[in-house]
Structure formats: structure tokens, C-alpha cells
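Residues in the sequence shown are numbered consecutively from 7, following the numbering used here. Everything below concerns the one structure shown next.
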Amino acid sequence: MPNTKGAKKRLRQSIVRRDRNRAQKTRLRHSLRKFREAVAAKKMDEAQELSRATAILLDQAAAKGVLHRNKAARLKSRMSHLIVASKQAA
């Protein structure tokens with residue numbers, strides 16, 4: 007446990023930040039899962055829309071430091087590849 011006043015404040019801040027980051031990562035994972043399910047179900051219109059929404063969430067997470075910007079870019083790239091591949095297969 008922290009002893010000094012500053013250390014106690016830091017603990018409070020880190021708890022708030024951890025909860026906020028967890029919530030954002032959870033939203034992101036759910037969005038990615040919905041996108042993948044839409045692609046698997048061949049619902050291309052829905053997948054396209056979910057792709058845009060997920061890309062925005064990825065950019066926000068990268069900007070706030072929740073995700074590394076390269077990971078966000080990689081996930082967006084994989085989403086676009088999935089859409090292109092499923093359109094060609096259809």
C-alpha cells in the first residue's frame with residue numbers, strides 16, 4: 007500500500023485509468039468480434055459498416071495509448087483484407 011500522499015493519489019489515478027482502458031479494450035474486442043461474425047455470415051453491408059466503426063475505435067485507442075499505433079494499423083489492415091477476400095469469394 008502507498009504511504010505518502012502523492013503515492014496514494016497515484017494509486018487512485020491508476021485505478022481509474024486501468025478501468026477506463028479495460029472498458030475501451032472490451033468495446034474494441036466486441037466490435038472486432040461482431041465484424042468477424044458479419045464477414046463469416048456473408049453480411050457484407052453490415053461488415054462494411056462495422057469495419058468503419060471498428061476503425062474509429064482502433065484509432066481512438068491508439069491515440070490514447072490504449073493500443074500501440076502499429077497494432078491498430080495491423081488490425082485495420084486485416085479487416086480490409088477480410089472484406090476484400092470475402093467479396094472476391096462471393
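For every residue, glycine included, the Cβ atom is placed at its ideal position computed from N, Cα and C.
Helix, strand or coil for residue i per DSSP?
{"i": "Thr32", "result": "helix"}
{"i": "Met7", "result": "coil"}
{"i": "Ala47", "result": "coil"}
{"i": "His74", "result": "coil"}
Less than 8 Å between the C-beta atoms of residue i and residue j, yes or no?
{"i": "Ala61", "j": "Lys40", "result": "no"}
{"i": "Leu34", "j": "Ala67", "result": "yes"}
Run the CB neighbour count on residue i, radius 10 Å, all protein chains shown included, and call it buried at 16 or more, exposed below.
{"i": "Gln45", "result": "Inspection of the sequence shows that residue 45 is occupied by Val rather than by Gln. Its Cβ being crowded by 16 or more others within 10 Å, Val45 is buried."}
{"i": "Ser20", "result": "exposed"}
{"i": "Ile56", "result": "One point to set straight first is that residue 56 is Leu, not Ile, in the sequence displayed. Its Cβ being crowded by 16 or more others within 10 Å, Leu56 is buried."}
{"i": "Met85", "result": "buried"}
{"i": "Ala53", "result": "buried"}
Between the Cα of residue i and those of the options, spot the shortest distance and give me the residue it belongs to.
{"i": "His78", "options": "Lys93, Lys31, Lys48, Glu55", "result": "Reading off the sequence shown, one finds Ala at residue 78, where the question assumed His. Comparing Cα positions, the closest option is Lys31."}
Looking at the C-beta of residue i, does it have a partner C-beta in chain B at a distance below 8 Å?
{"i": "Pro8", "result": "Among the chains of the structure shown, chain B does not appear; only one protein chain is present."}
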